[in-house]
Structure formats: C-alpha cells, structure tokens
Amino acid sequence: MSFTYPEVGATAGTGPLPAGYHHLHHRTTVGRGPEDFAVAGQAVTTWLMHRAAGVRITADAPNATAGTRVTCTIGAGPVRVTAPCEVVWAVDEPRRAGFAYGTLAGHPECGEESFVVELAADGTVRFTVTAFSRPGTLLTRLAGPLVPLFQRLYARHCGRTLRRITARRAAPGG
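Read in order, the letters of the sequence shown correspond to residues 2 to 175 in our numbering.
Now the structure itself:
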C-alpha cells in the first residue's frame with residue numbers, strides 16, 4: 002500500500018501545511034517538568050494515549066517509528082471506522098517526542114496527522130496535534146463539516162487524555 006496523498010511528511014516542516022486540505026492545529030498543556038515530559042512522550046509514542054482515548058490500535062511495532070503500519074479503529078459494529086496508516090516520521094529528542102502518520106488506502110480521509118510532546122524552556126509540557134486532511138471516501142464527503150468538527154474534538158480529547166495519563170503516572174505511587 003502507498004500513501005493516499007502526495008505531501009508525505011508535511012507535518013514535520015516549519016512551513017505552512019499544504020493547500021487544498023482542512024488544517025488542524027491544537028495545543029494543550031499536559032504537565033510540567035522533565036518527568037511529565039518523559040511520561041507524556043512515552044504515552045504518545047507507545048500508542049498508550051490513543052488506546053486510553055478509546056481507539057483500538059493494531060500496529061506492527063510497539064513504538065511509533067518511521068515505516069510502522071498502524072490501523073486505528075473507533076466505534077463498534079456497523080458504526081465502526083477503520084483507518085489504516087503508516088508512520089511517516091518520528092522524533093525522540095531531549096525536549097521533543099512524537100510522530101506523524103499518513104493515510105493509506107481504505108482510510109476515510111486523505112492526509113497526515115502528527116502528535117508531538119514538547120518540553121518548553123520554562124518547564125511547561127505541551128502536546129500538539131497538527132493535521133491536514135480532506136475526504137477520502139463518499140461517506141466523509143457527505144459528512145461535510147462534521148468531519149473537521151470530529152477531528153477538533155478528538156484532538157482535544159487526546160490532550161485531556163494525555164494530561165490525565167501524565168498526572169496519574171507522574172504522581173507518587175502512580
């Protein structure tokens with residue numbers, strides 16, 4: 002399988018996201034200090050955050066590394082959405098950790114989404130979701146503005162989930 006969009010890796014750059022897509026940029030503070038950063042970074046790169054947010058993850062590697070194939074499934078029965086992706090880039094640096102995955106054939110959208118945790122100079126730990134996408138199926142085209150709304154709500158949900166994971170794991174005895 003190959004990616005369903007040509008701008009692979011565009012979420013890693015500092016420039017603007019590609020034109021012709023819906024853009025999403027959501028940032029949430031999830032903690033403070035190196036310990037919170039370590040917990041949050043590990044939760045993002047090991048799929049824990051996604052799973053804790055209610056997404057079923059099937060991945061061919063325990064950590065998000067470039068080339069890892071992952072299928073995200075949300076919902077159940079006839080209201081289940083399955084989304085095959087591949088990790089296009091990953092970062093594991095002293096103050097930045099995360100990854101982006103891009104859509105593969107069978108995904109309801111076309112585009113890319115990144116999940117990055119950063120430790121700022123003032124000690125604040127921030128989680129950022131950046132994405133560009135457009136409908137990839139008739140169903141997502143028909144859903145119109147509901148899809149970007151769902152994506153924003155999901156990004157916020159991931160931030161709240163990561164904040165809870167960080168607070169629980171960073172707490173004494175957590």
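For each residue, glycine too, the CB sits at the ideal point set by N, CA and C.
From a predicted model like this one, the values you see are computed outputs, not experimental measurements.
| Asked | Found |
| --- | --- |
| Endpoints, beta strand (DSSP E) assigned at Phe-116 | 110–120 |
| Cβ contact (3+ pairs, closer than 8 Å) linking the stretch 121–128 and the stretch 24–38 | yes |
| Rounded separation between Leu-139 and Ala-67 - CA only | 29 Å |
| Assigned secondary structure, Glu-199 (DSSP; H/G/I helix, E/B strand, else coil) | Coverage of the chain is limited to positions 2 through 175, which leaves residue 199 absent and any answer about it impossible. |
| Meets three-Cβ-pair contact criterion under 8 Å: the stretch 99–113 and the stretch 78–91 | yes |
| Residue ranges of each alpha helix (DSSP H) within the stretch 16–63, 4 or longer | 34–46, 49–53 |
| Reduced DSSP secondary structure (H/G/I, E/B, other) of Tyr-155 | helix |
| Assigned secondary structure, Pro-95 (DSSP; H/G/I helix, E/B strand, else coil) | coil |
| Residue nearest to Ile-75 in terms of C-alpha spacing, selected from Ala-168, Arg-169, Ile-166, Gln-152 | Gln-152 |
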